[in-house]
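2 protein chains.
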Amino acid sequence: MQPFSFEVIKTCAQTGARLGVLHTPHGDIETPCYMPVGTRATVKAMSPRDLLDVDAPIILSNTYHLYLRPGHELVREAGGLHSFMAWPRPILTDSGGFQVFSLGDTNRVYEDGVEFRSHIDGGKHLFTPEKVMQIEQALGADIAMCFDECAPYPSDEPYTKAAMLRTHRWAKRCQQAHTGHDQALFGIVQGGMYASLRIESAKAIADMDFIGNAIGGLSVGEPKGMMYDMLEAMMPFMPPGKPRYLMGVGSPDCLIEGVIRGADMFDCVLQTRIARNGLALTHFGRRMLRNKEFARDFSPIDENCACYACKNFTRAYIRHLIKAKEILAAQLLSIHNIYYTLHCMKEIREAIKEDRLLRLRGEWAARGGMD
Amino acid sequence: MQPFSFEVIKTCAQTGARLGVLHTPHGDIETPCYMPVGTRATVKAMSPRDLLDVDAPIILSNTYHLYLRPGHELVREAGGLHSFMAWPRPILTDSGGFQVFSLGDTNRVYEDGVEFRSHIDGGKHLFTPEKVMQIEQALGADIAMCFDECAPYPSDEPYTKAAMLRTHRWAKRCQQAHTGHDQALFGIVQGGMYASLRIESAKAIADMDFIGNAIGGLSVGEPKGMMYDMLEAMMPFMPPGKPRYLMGVGSPDCLIEGVIRGADMFDCVLQTRIARNGLALTHFGRRMLRNKEFARDFSPIDENCACYACKNFTRAYIRHLIKAKEILAAQLLSIHNIYYTLHCMKEIREAIKEDRLLRLRGEWAARGGMD
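Protein sequences, first through last, are from chains Z and G.
With my numbering applied, the first sequence corresponds to residues -11 to 359, in that order.
With my numbering applied, the second sequence corresponds to residues -11 to 359, in that order.
Pasting the structure below:
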């Protein structure tokens, strides 16, 4: 049996949405899926058993961060990322392409790769496609991503095109350098906010026949409508038989809009980041639990949620924890926000199954859940 | 049936140690016992389910902190501390006597009570025995402590004696003000580092016939030998049929030395505080997991421990989390340190049962576990 395969179980009659299953060496993932982000080999403030309890099917971890600390060779010695962080289910590692541009203090792009400075100690490093493949193979995730160049927003068309063409050449080099068969390699489509480039890139990446295809360079500061336009333009050229991963996108509204346009996989740090600031995603919109209005509110974070935090604790208690700067505030809100987002995805999958995805979007909008 | 009772099941043949059970409205506690400290209605970095998983039989929370934030009336509105923090097992609240002296920016002692300034906003507050009983009854723990005056170390004999006598008068006032029958009130013995005062105080508090008796004012900076001398001097005057609680004491060596001298209950913030600094208590002494020597050490925190952290993670991983300032480091080390300490107490209880408590102390010392 193949270590990786993707089955499309159903295609939505009214939208581009699909219901599928992605098979990996560490288990099956029902799609569309949301992947919690464990940047430094930990989903912030959550233990692996918390993640199993909310039933996260797969998590993402960051190549750039793990390369710098603790180092990919150390992770390899530990038996790979699954063993290092004690996570038994699938893992996807990004390629660091986004981080070397957004976090590296200064970076220089060459045809060979990107030179950047560590955000930790300022040390100089070079990422090439070959180097990144070495790192990702040492990390040993189920799914690795190609090294790409993510053009910032806004960028002019000539620069965006040059970055896209380099991304294609690097994708080829990644494919050649990636030798492991127990790890799937996904290509990444770029092209900025130019529909014609997006289409060109989707075709070029499709031609390379990766196990899965990702959409990079979106949700980088552009208006959401622009992102949706890009998705609509390129999606017809993204192979339907392969998983489509919309990188770095994951607020509830973007999840359902992305699914409607044909994306199958998502990841986003929003959930755990806002949790640490006291902000909860709920069926009725975002709630800032730090606010005084919740001081004596003895109802759960989200009255429609069945997560550990909502079943056991009140807004008043969580506000107290936030005000007292107690770690448990971050723990409970992270559990809630991740559970809630996974629950949204479950609702989406059920709606696709029952041909009522557009109705679900309307329901979310009506109750404030798109905020 | 009485809501509270204490059974001494066995008295050690060679030492002052006893095996017992303390019955409370929220369940039975096998003694000797260690109580994790949940200062602000949360044991730092641990959820109630983490605490149930390590099988903590009872936790302690702090009256001073909860009075200042979120306020005892808010906790009462929430249904009391058990409901507020979602902890189903017994809780003990201290009286704030120690905190108003150690944390209050400035404090003035009157016969009526202590005036102090909040460590949060500098606001002026007055704690009297009657006020503290009101607060503790609003919090609704299973066990409340009398309001006492804890003399600092060192203090001269006249001051220590005056503070002790005030503590006795306040204990009477607490007893009169404490009206709830679903909450046990414990008296507190003071007397500083003066054996004659300790004896006098033990007798005076014993005469008041509290449900349990505590030993305050130790482990306040004095050498450990001095604390043990005080325990030995006073213990003959602490009623044997009632639980004896040694307040604020709980490093593994002090636990076994305290039990040998007849103490039944302990609490200590050490476990969770050092956890947040990267320090683990182990069968073989303390391990600073932040240290470089553990960078590639793929063994568990403590090779003899069966806690969640030790069963799943390595020193190398935890060191990585510490270096990366990830919250999970504090979560895992807190789980470990609390589990380990509860396990020490279990070893102690088994050793009492089998008349080998002094041998156990020798074994701990030989393996480095007394450090």
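Just so you know, even glycine gets a beta-carbon here, dropped at the ideal spot from N, CA and C.
Nothing here was measured: the structure is a model prediction, and the numbers come from that model.
At what residues does the alpha helix (DSSP H) containing residue i begin and finish?
i: Val63 of chain G; result: His60 to Glu65
i: Cys21 of chain Z; result: No alpha helix (DSSP H) contains Cys21 of chain Z, which is instead part of the beta strand (DSSP E) from Cys21 to Pro24.
i: Thr51 of chain Z; result: Thr51 to Leu56
i: Val88 of chain Z; result: Gly85 to Ser90
i: Thr167 of chain G; result: Here Thr167 of chain G belongs to no alpha helix (DSSP H), and DSSP marks it neither H nor E.
i: His324 of chain Z; result: Ile315 to Lys341
i: Ala297 of chain G; result: Tyr296 to Asn300
Could you confirm whether any beta carbon from chain Z is found closer than 8 Å to the beta carbon of residue i?
i: Glu65 of chain G; result: yes
i: Pro288 of chain G; result: no
i: Pro228 of chain G; result: no
i: Leu62 of chain G; result: yes
i: Arg284 of chain G; result: yes
i: Ala221 of chain G; result: no
i: Ala294 of chain G; result: no
i: Tyr305 of chain G; result: yes
Chain G beta carbons: is any one of them nearer than 8 Å to that of residue i?
i: Asn300 of chain Z; result: yes
i: Arg278 of chain Z; result: no
i: Pro58 of chain Z; result: yes
i: Tyr52 of chain Z; result: no
If I'm right that residue i touches residue j with Cβ under 8 Å, what's the distance once you round it to whole angstroms?
i: Leu269 of chain G; j: Met253 of chain G; result: Not really, about 19 Å apart at Cβ, beyond 8 Å.
i: Thr(-1) of chain G; j: Leu345 of chain G; result: Contact flag wrong, Cβ pair sits at about 11 Å.
i: Met152 of chain Z; j: Leu185 of chain Z; result: 6 Å
i: Ile176 of chain Z; j: Gly204 of chain Z; result: 4 Å
i: Gly238 of chain Z; j: Asp217 of chain Z; result: That pair is no contact at about 19 Å.
i: Thr94 of chain Z; j: Arg77 of chain Z; result: Not quite, the Cβ-Cβ distance comes to about 37 Å (not below 8 Å), so this is no contact.
i: Pro24 of chain G; j: Ile326 of chain G; result: 5 Å
i: Gly128 of chain G; j: Gln87 of chain G; result: Going by Cβ atoms, the distance from Gly128 of chain G to Gln87 of chain G rounds to 19 Å, so no, they are not a contact pair.
i: Leu277 of chain Z; j: Ile289 of chain Z; result: 7 Å
i: Asp82 of chain G; j: Leu48 of chain G; result: 7 Å
i: Glu65 of chain Z; j: Arg284 of chain G; result: 6 Å
i: Ile306 of chain Z; j: Leu330 of chain Z; result: Ile306 of chain Z to Leu330 of chain Z, Cβ: 20 Å. No contact.
i: Ala139 of chain Z; j: Thr148 of chain Z; result: 5 Å
i: Ile323 of chain Z; j: Met34 of chain Z; result: 6 Å
Kindly indicate the opening and closing residues of the beta strand (DSSP E) around residue i.
i: Asp255 of chain G; result: Met253 to Cys256
i: Gly238 of chain Z; result: Element bounds for Gly238 of chain Z: n/a, residue is neither H nor E.
i: Ser(-7) of chain G; result: Ser(-7) to Thr(-1)
i: Gly350 of chain G; result: Where Gly350 of chain G is concerned, there is no enclosing beta strand (DSSP E), although the alpha helix (DSSP H) it sits in stretches over Leu345 to Arg355.
i: Tyr233 of chain G; result: Arg232 to Leu234
i: Ile79 of chain Z; result: Ile79 to Thr81
i: His11 of chain G; result: Arg6 to Thr12
i: Gly96 of chain Z; result: Correcting the residue type first, residue 96 of chain Z is Arg in the shown sequence and not Gly. Arg96 of chain Z -> beta strand (DSSP E) spans Asn95 to Val97.
Is residue i near the ligand SAM, with its Cβ less than 7 Å from a heavy atom?
i: Arg275 of chain Z; result: Because no ligand of any kind appears in the structure shown, any question about the ligand SAM cannot be addressed here.
Nearest chain A C-beta to residue i closer than 8 Å, yes or no?
i: Pro224 of chain Z; result: Protein chains in the displayed structure are Z and G, and chain A is not among them.
Practice item. Return the residues of the region 308 to 324 of chain G that lie within a Cβ-Cβ distance of less than 8 Å from chain Z, sorted by chain order. Key: Of all residues in the region 308 to 324 of chain G, His308, Leu309, Lys311, Ala312, Glu314, Ile315, Leu316, Ala318, Gln319 and Leu320 have a Cβ within less than 8 Å of some Cβ in chain Z.
Practice item. Could you name the residues of the region 70 to 87 of chain G whose beta carbon sits closer than 9 Å to any beta carbon of chain Z, in the order they occur along the chain? Key: Taking 9 Å as the Cβ-Cβ cut-off against chain Z, the residues of the region 70 to 87 of chain G that qualify are Ser71, Phe72, Met73 and Ala74.
Check your understanding: Using a Cβ cut-off of 8 Å, which residues of the region 16 to 36 of chain G contact any Cβ in chain Z, in chain order?
Key -> Answer in chain order: Arg28, Ala29, Thr30, Lys32, Ala33, Met34, Ser35 and Pro36.
Exercise for review: Only counting runs of 4 or more residues, tell me where the alpha helix (DSSP H) segments fall wholly within the region 172 to 229 of chain Z, in order along the chain.
Suggested key: Every alpha helix (DSSP H) stretch that sits fully inside the region 172 to 229 of chain Z and reaches 4 residues is listed by chain position as 183 to 195 and 212 to 222.
Point to revise | Interface positions of the region 248 to 265 of chain G facing chain Z (Cβ-Cβ less than 8 Å), listed along the chain | key: The region 248 to 265 of chain G vs chain Z, Cβ under 8 Å: nothing.
Point to revise | Whole alpha helix (DSSP H) elements within the region 105 to 154 of chain G, 4-residue minimum | key: Listed in chain order, the complete alpha helix (DSSP H) runs (minimum 4 residues) inside the region 105 to 154 of chain G are 117 to 127.
Review point. Considering only residues of the region 242 to 291 of chain Z, which uninterrupted alpha helix (DSSP H) runs meet the minimum length of 4 residues and lie entirely inside it, listed in chain order?
Key: Here the runs fully enclosed are 258 to 263.
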